[in-house]
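Numbering (the numbering used here), first residue to last: 836 to 948. Using N, Cα and C, we set each Cβ at its ideal position, and we do this for glycine too. Written below as structure tokens is the structure these notes are about.
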């Protein structure tokens with residue numbers, strides 16, 4: 836059975852909002868906060884200039900360019916239990932992974948490789 840495209844989009848939007856809301860909090864130490872700080876240190880200024888219009892973007896600018904890499908579930912690759920976001924242009928193998936419960940509520944945000 837195909838997953839409802841409306842639910843996929845709802846969860847994508849919800850996940851991005853949760854990443855932004857959690858950013859900089861103690862609870863997000865190993866989520867989007869780590870992802871952004873790591874990539875601001877590791878990626879070249881040319882990459883940031885191309886995508887953000889500045890060689891030294893603010894964390895919010897990095898969060899704004901996150902793109903959905905994949906969504907999956909424990910039972911199948913097309914599931915909607917986990918949504919993985921990363922930077923455009925295959926700049927990294929790392930993702931910010933957002934997990935949902937059975938009701939579609941965010942239950943976790945972590946940086947994964």
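Is the region 873-887 touching the region 926-936, taking contact as three or more C-beta pairs under 8 Å? yes
According to DSSP, simplified to helix, strand and coil, what is residue 859? Here residue 859 corresponds to residue number 24 of the chain shown, with the count starting at 1. It is coil, neither helix nor strand.
Considering only C-alpha positions, which residue in the set 839, 869, 845 and 904 is nearest to residue 940? For the purposes of this step, residue 940 is identified with residue 105 of the chain shown, where counting begins at 1. Among 839, 869, 845 and 904, the Cα nearest to that of residue 940 is on 845.
Mapping the DSSP letters down to three states, classify residue 945 as helix, strand or coil. In the chain shown, residue 945 corresponds to position 110, counting from 1. Note: residue 945 maps to strand in three-state DSSP.
From which residue to which residue does the alpha helix (DSSP H) around residue 870 run? Here residue 870 corresponds to residue number 35 of the chain shown, with the count starting at 1. Residue 870 -> alpha helix (DSSP H) spans 867-877.
Do residue 866 and residue 945 have their C-beta atoms closer together than 8 Å? In the chain shown, counting from the first residue as 1, residue 866 sits at position 31. In the chain shown, counting from the first residue as 1, residue 945 sits at position 110. Cβ distance < 8 Å, so residue 866 and residue 945 count as in contact.
Do you know how far the Cα of residue 899 is from the Cα of residue 937? The count along the chain shown starts at 1 and reaches residue 937 at position 102. The count along the chain shown starts at 1 and reaches residue 899 at position 64. Each residue's Cα considered, the two are about 27 Å apart.
Does the separation of the CB atoms of residue 908 and residue 919 fall below 8 Å? By 1-based counting over the chain shown, the position of residue 908 is 73. By 1-based counting over the chain shown, the position of residue 919 is 84. No. Outside cutoff.
Residue 881 lies in the alpha helix (DSSP H); which residues open and close that run? Stepping through the chain shown from its first residue, residue 881 is reached at position 46. Here the alpha helix (DSSP H) through residue 881 covers 880-887.
Beta-carbon separation of residue 854 and residue 901 under 8 Å? Within the chain shown, numbered from 1, the residue matching residue 854 stands at position 19. Within the chain shown, numbered from 1, the residue matching residue 901 stands at position 66. Going by C-beta atoms, residue 854 is nearer than 8 Å to residue 901.
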